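>
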Amino acid sequence: MQLEREKDSVRNADLEWDDFDPESYRNDNYRMLREDDQIILERVRDFFARAAGEPADRSLRGLDMGTGSNLYPALAMLPWCKQISLIDYSANNVSWLRQEIVSYSPEWNQFWDVLRQNPVYGSVADPRRELAERAVVWQGSVFDLPGRQWDIGTMFFVACSISQSPDEFQRASERFLGALVPGAPFAMAYMEKSSGYTVGGIRFPAVSLDLSEILDSLEGRASGVTADRIVVEKMLREGYDAMVIVMGHAAADTGGLPAET
Numbered sequence: 350m351q352l353e354r355e356k357d358s359v360r361n362a363d364l365e366w367d368d369f370d371p372e373s374y375r376n377d378n379y380r381m382l383r384e385d386d387q388i389i390l391e392r393v394r395d396f397f398a399r400a401a402g403e404p405a406d407r408s409l410r411g412l413d414m415g416t417g418s419n420l421y422p423a424l425a426m427l428p429w430c431k432q433i434s435l436i437d438y439s440a441n442n443v444s445w446l447r448q449e450i451v452s453y454s455p456e457w458n459q460f461w462d463v464l465r466q467n468p469v470y471g472s473v474a475d476p477r478r479e480l481a482e483r484a485v486v487w488q489g490s491v492f493d494l495p496g497r498q499w500d501i502g503t504m505f506f507v508a509c510s511i512s513q514s515p516d517e518f519q520r521a522s523e524r525f526l527g528a529l530v531p532g533a534p535f536a537m538a539y540m541e542k543s544s545g546y547t548v549g550g551i552r553f554p555a556v557s558l559d560l561s562e563i564l565d566s567l568e569g570r571a572s573g574v575t576a577d578r579i580v581v582e583k584m585l586r587e588g589y590d591a592m593v594i595v596m597g598h599a600a601a602d603t604g605g606l607p608a609e610t
């Protein structure tokens with residue numbers, strides 16, 4: 350079955366990622382704060398507040414892989430980071446990000462309002478200015494990430510949404526976790542059982558995964574893993590069963606602890 354899924358799957362290199370429309374994606378997904386995104390933000394906010402330590406010296410190097418036109422993962426890391434690398438493969442996304450972070454749009458205020466409900470985010474006096482100062486946008490592939498470079502990381506709706514290949518999903522997860530130093534806190538978000546998605550009239554693929562398959566992909570590569578399956582009354586679109594947020598710590602090279610739900 351696994352071999353058949355690989356044989357027939359659309360792979361990452363088959364796509365024209367420079368055709369991705371970041372403005373359309375932002376308008377479809379983040380113009381308004383949705384209930385499911387709010388739940389994810391609350392989970393990640395409180396996890397980082399527990400796991401990342403005191404933000405006073407802001408000494409960490411942050412990684413958001415596959416940022417696209419979603420700034421809230423980077424905002425969630427802001428209190429701890431001296432620099433946040435926003436890395437995306439699409440030239441359109443990179444261009445959009447470089448313009449957006451100069452002074453991000455008012456729509457992101459509603460996301461920051463959720464984050465600042467945790468007192469640790471009060472250390473950031475002006476998130477718009479501080480993101481502009483600390484964020485660095487790079488064009489690059491998840492498959493080419495260097496090892497053990499970042500101290501805290503996020504990868505939202507990327508590993509499951511860049512091809513139909515289970516092998517590429519697994520490699521993307523491994524490369525992201527391998528880019529973090531051992532013990533680094535991370536958050537990863539997924540669309541469970543996704544059949545793919547449309548951006549600006551162009552269809553993009555996804556790997557159809559359930560929660561157990563998502564957690565299996567992290568075994569031995571992450572420790573202290575927790576996962577939440579998020580289903581809300583008003584779903585984002587058709588073609589998926591739930592959003593999933595997974596949080597934990599990057600394991601040392603010799604493996605990690607089993608996942609918990």
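One point on numbering: in our numbering, the residue at position 203 of the sequence shown is 552, and numbering is uninterrupted.
Beta carbons: idealized from backbone N, C-alpha and C, even for Gly.
Model, not experiment: these values are computed from the prediction.
1) Met540 CB to nearest chain C CB: under 8 Å?
2) Quick check: what's the CA-CA separation for Thr603 versus Gly569?
3) Decide if the stretch 587 to 598 is in contact with the stretch 529 to 540; the criterion is three or more beta carbon pairs, one per stretch, under 8 Å apart.
4) Quick check on Met381: buried or exposed, where buried means 16 or more other Cβ atoms within 10 Å of its Cβ?
5) Could you check if Trp487 is buried or exposed, using at least 16 other CB atoms within 10 Å of its CB as the buried criterion?
6) Which stretch, first to last residue, makes up the alpha helix (DSSP H) that contains Phe525?
7) Can you give me the start and stop residues for the beta strand (DSSP E) that Leu420 sits inside?
8) Among Asp590, Ser510, Asp516, Ala521, which residue has its Cα nearest to the Cα of Ala555?
9) Are three or more beta carbon pairs between the stretch 361 to 378 and the stretch 543 to 553 nearer than 8 Å?
10) Would Arg375 be called buried (16 or more neighbouring beta carbons within 10 Å of its own) or exposed?
Reading it off the structure:
1) Absent from the structure: chain C. Only one protein chain is present.
2) Legend: pLDDT at Thr603 = 37, less than 50; position of this residue unreliable, no value from coordinates given.
3) Flag = yes, the stretch 587 to 598 and the stretch 529 to 540 touch.
4) exposed
5) Counting Cβ neighbours within 10 Å, Trp487 comes out exposed, since fewer than 16 surround it.
6) 515 to 527
7) Leu420 -> no beta strand (DSSP E), and no H or E assigned at all.
8) Ser510
9) Taking 8 Å as the limit for Cβ pairs, the verdict is that the stretch 543 to 553 does touch the stretch 361 to 378.
10) buried
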